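As structure tokens, the structure follows; a few thoughts come after it.
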DNA sequence: TATGAATGAGAGTTCATTCAT
DNA sequence: CATGAATGAACTCTCATTCAT
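Chains as they are written, first to last, in the numbering used here: chain Z, 555 to 777; chain V, 555 to 777; chain P, 555 to 777; chain W, 555 to 777.
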């Protein structure tokens with residue numbers, strides 16, 4: 555409104571602009587985070603199919619159209635949600651494999667934390683697969699995609715690194731990261747779709763058994 | 555009109571009705587199959603989310619409403635499609651593990667055929683998980699659900715049976731069926747979502763490696 | 555921005571919000587009324603069966619989906635229309651039986667106004683009977699139903715009250731309200747369906763005759 | 555098909571054609587009646603809104619399209635159904651007012667039978683009003699309309715005639731037929747729409763009271 | 001910034017009716 | 001005569017998105 559004279563307070567004008575900009579960015583980021591929290595809550599309750607912008611906005615205290623000030627599209631919300639989900643995943647895995655433990659314990663802890671994260675938050679898994687499967691181009695740009703992939707690898711690297719420390723040679727360790735990820739995903743899908751019931755198996759125990767075998771192979775130093 | 559002597563041409567009057575009825579039933583079945591083929595094609599191109607009745611009907615040469623002469627609802631089409639998919643799966647697995655081969659070969663053949671079936675027809679996998687996850691009650695009745703589960707287990711039993719023959723004890727063999735299924739599903743999802751690229755791994759080779767380890771464990775007679 | 559001193563301009567800040575809110579509510583109400591008017595027009599031309607949301611919306615200058623910003627469902631429009639219709643009925647009956655007149659005149663005036671209202675607005679009658687007959691639960695909640703019933707009774711009570719003043723004993727007066735309502739409805743239906751033509755009678759005169767007899771009975775103090 | 559030589563059997567050819575034609579007409583009529591019975595049953599169970607051709611046909615042992623061999627349209631079925639309904643009404647009224655009784659008894663009996671017919675068969679009333687209100691042109695031709703009106707008047711004439719015998723002068727008696735009809739219709743509608751509940755009155759008793767007053771007026775020889 | 005009004009496309013489903021067989 | 005397949009229009013309702021204010 556009132557245009558401040560830049561010459562009146564010469565040494566503080568630029569910083570003031572910067573400060574204002576920074577504050578605005580911070581506020582904006584906070585609101586985005588708030589909307590994402592609402593979106594996550596909606597997904598948790600209704601799933602991906604049942605979620606819609608109106609409901610997400612309502613939870614965040616907005617009206618549907620207002621969301622577009624913060625996100626370009628519904629798909630963009632999904633993308634942001636996934637990014638944030640992967641941060642939580644990394645935090646969980648890091649917490650499950652403290653540096654203070656032995657390599658064996660870190661391998662087990664990281665792997666189990668990875669599995670538990672998605673077992674406890676099944677909607678995060680839905681989200682990931684929905685997005686990678688069907689998201690529209692503007693929702694998941696190559697850049698974002700690469701960033702998300704990187705964060706997922708980071709999480710798995712905690713497990714892979716421990717296996718390497720235990721003695722697993724290089725090509726095998728990398729393969730094992732992928733294989734373990736696949737195994738988890740499969741088990742989680744079986745659980746989420748209640749498909750596991752038909753086998754009368756406990757997916758958590760199957761995961762533990764898989765982890766144990768991988769650790770054994772690492773210790774044996776073989777592929 | 556001309557009253558046919560029932561004894562003169564014994565197998566004519568009633569059979570003619572039967573024949574007509576049979577032909578009608580055959581034609582009807584063919585049309586259902588044709589519609590299902592159209593539905594499968596639509597799924598292949600658009601995925602489950604993008605598919606809609608109008609498009610399915612259009613592909614089959616119908617108008618949307620006409621589909622309801624053959625299927626009670628959209629979900630019923632999905633159910634039929636899944637049932638048929640599982641039949642093809644069983645056929646593929648059976649073909650991949652002929653009785654003439656050794657148990658080891660049958661284990662490998664069945665497992666690999668299972669994986670290849672879904673690797674070659676990724677939409678069949680989508681279908682299965684969509685349906686078991688989100689299908690409406692009237693589309694997937696408990697009866698149908700049980701039947702579908704049974705067919706899936708049939709397919710996996712070829713693998714599990716061979717492992718048992720190789721010496722894998724009981725609780726382990728059953729667990730392995732579930733674990734192998736989960737591993738396949740995970741790998742396939744990684745592949746379908748192009749997520750596997752980030753690991754620069756070949757999912758087929760990862761599957762083979764998994765199978766090989768399972769066969770070794772079976773031959774070692776351990777869990 | 556400019557922090558207004560609450561004491562300086564006492565009736566400005568909060569009231570401005572209130573005013574805006576009030577104006578918005580008024581505009582909203584006006585639009586609802588406008589849609590209801592369109593709906594009433596459609597009913598008048600096409601009847602209840604022929605009416606559909608698209609047409610109602612089109613008349614109101616909207617697209618079908620837009621109506622849902624103002625009404626939850628088609629049935630809700632009907633409900634609102636009926637409520638509003640009953641208000642007009644009460645106003646008409648009240649105008650037809652001013653307090654300044656004698657009881658006899660008020661009985662005649664109220665009864666005749668009741669009849670005339672529906673004779674002049676035949677679709678209001680259709681509406682009432684359609685709704686009470688076939689409306690879906692969410693369209694006519696028990697609460698709304700009770701409220702509507704009450705308003706109808708209010709209108710009839712003007713007639714019944716005057717009869718009581720004229721000397722009609724209690725159980726008879728209440729019965730007469732129902733009987734008169736029935737008589738009106740019957741005559742109106744005969745007129746609306748052009749069925750009255752076959753009797754070559756004037757329904758208005760038949761109504762007057764009925765009213766006259768009721769008034770006489772009231773004055774005779776008998777049932 | 556084979557054209558019979560009219561000269562070969564001179565005295566029987568024409569009659570034979572007539573007989574065949576008559577038999578065909580009879581069969582046709584029987585089938586129409588059968589379909590109407592099915593339609594009536596469907597209406598009784600589902601009401602006019604819930605009824606549809608497929609269901610009517612199904613009940614009659616036909617397929618929807620087959621109905622068009624016997625009726626030009628759905629509306630034509632309704633028209634025929636109403637015609638038949640009026641026949642049953644006349645039969646009921648005649649039975650309720652035997653010639654052997656006194657004029658007073660016949661007046662009461664005819665009126666009450668009229669009311670009871672529709673009170674017992676509410677769908678017949680729906681039918682009548684639906685048709686006269688909204689039926690498409692081809693469903694209710696002027697001829698049919700006139701015929702239906704005539705049969706309705708026949709039924710009411712039993713009541714009006716008895717009033718005349720009791721001493722009601724001409725213009726009044728005719729008016730009373732219309733007025734009584736209107737009163738019945740109103741009461742029946744109140745009952746069918748459960749609207750009568752709000753008055754806590756018994757519609758049958760209200761009808762009796764109305765009849766009694768009409769009879770009294772007839773005996774008093776006044777309008 | 002946030003609103004709320006409005007849109008337009010599209011969804012699944014129902015139904016009376018037609019017509020070749 | 002009866003069928004069954006097929007049609008096309010119509011229905012209510014949902015939703016992401018846009019835009020003036």
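By construction, the Cβ of each residue, glycine as well, lies at the ideal position given by its N, Cα and C atoms.
The structure displayed is predicted, hence computed values, not measured ones.
Helix, strand or coil at residue i according to DSSP, with G and I counted as helix
{"i": "residue 675 (chain W)", "result": "coil"}
{"i": "residue 715 (chain P)", "result": "helix"}
{"i": "residue 754 (chain V)", "result": "coil"}
{"i": "residue 654 (chain V)", "result": "coil"}
{"i": "residue 694 (chain Z)", "result": "coil"}
{"i": "residue 740 (chain P)", "result": "helix"}
{"i": "residue 748 (chain V)", "result": "coil"}
{"i": "residue 774 (chain P)", "result": "coil"}
{"i": "residue 721 (chain V)", "result": "coil"}
{"i": "residue 762 (chain P)", "result": "helix"}
The ligand NAP heavy atom lying under 7 Å from the CB of residue i
{"i": "residue 642 (chain V)", "result": "This structure simply doesn't include the ligand NAP, nor any ligand for that matter."}
Same chain, Cβ closer than 8 Å to residue i, five either side skipped, listed in chain order
{"i": "residue 649 (chain W)", "result": "667"}
{"i": "residue 744 (chain W)", "result": "750, 753 and 757"}
{"i": "residue 711 (chain V)", "result": "731"}
{"i": "residue 634 (chain Z)", "result": "586, 590 and 625"}
{"i": "residue 555 (chain P)", "result": "Confidence at residue 555 (chain P) is low in this model, with a pLDDT of 40, below 50, so its placement is unreliable and the value that follows should be read with caution. Cβ neighbours of residue 555 (chain P) beyond the five flanking positions: none."}
{"i": "residue 641 (chain Z)", "result": "705"}
{"i": "residue 680 (chain V)", "result": "597, 601, 602 and 746"}
{"i": "residue 658 (chain V)", "result": "716, 720, 769 and 773"}
{"i": "residue 707 (chain Z)", "result": "731"}
{"i": "residue 644 (chain P)", "result": "705, 708 and 709"}
7 Å Cβ shell around residue i - same chain, five flanking residues per side excluded
{"i": "residue 638 (chain W)", "result": "590"}
{"i": "residue 678 (chain Z)", "result": "639 and 672"}
{"i": "residue 735 (chain V)", "result": "710"}
{"i": "residue 721 (chain W)", "result": "772, 773 and 775"}
Neighbourhood of residue i by C-beta, 6 Å cutoff - its chain only, sequence neighbours within 5 removed
{"i": "residue 593 (chain W)", "result": "610, 631 and 635"}
Run through the stretch 592 to 635 of chain P for me and flag every whole alpha helix (DSSP H) of 4 or more residues, listed as ranges in chain order.
-> Runs found: 607 to 613.
Near-chain Z residues of the stretch 722 to 747 of chain V (beta-carbon distance less than 8 Å), N- to C-terminal order = Cβ contacts with chain Z come from 728, 729, 731, 732, 733, 735, 736, 737, 738, 739, 740, 741, 743, 744, 746 and 747.
Would you check if the stretch 748 to 755 of chain V and the stretch 769 to 776 of chain Z touch, i.e. whether three or more CB-CB distances between them fall below 8 Å?
-> Flag = no, the stretch 769 to 776 of chain Z and the stretch 748 to 755 of chain V do not touch.
Residues of the stretch 695 to 715 of chain P whose Cβ lies closer than 7 Å to any Cβ of chain W, in chain order = The stretch 695 to 715 of chain P vs chain W, Cβ under 7 Å: 703 and 707.
When Cβ atoms are compared, which residues of the stretch 594 to 610 of chain Z fall closer than 7 Å to chain V?
-> Cβ contacts with chain V: 603.
Closer than 9 Å, Cβ to Cβ, to anything on chain W: give me those residues from the stretch 746 to 760 of chain P, in chain order.
-> So the list reads 746, 747, 748, 749, 750, 751, 752, 753, 754, 755, 757, 759 and 760, given in the order they occur along the chain.
Members of the stretch 622 to 633 of chain Z near chain V, C-beta cut-off 7 Å | Flagged: no residues at all.
Using Cβ-Cβ distances below 9 Å, what residues of the stretch 762 to 774 of chain Z are close to chain V?
-> Residues of the stretch 762 to 774 of chain Z with a C-beta less than 9 Å from any C-beta of chain V: 763, 764, 767 and 771, listed in chain order.
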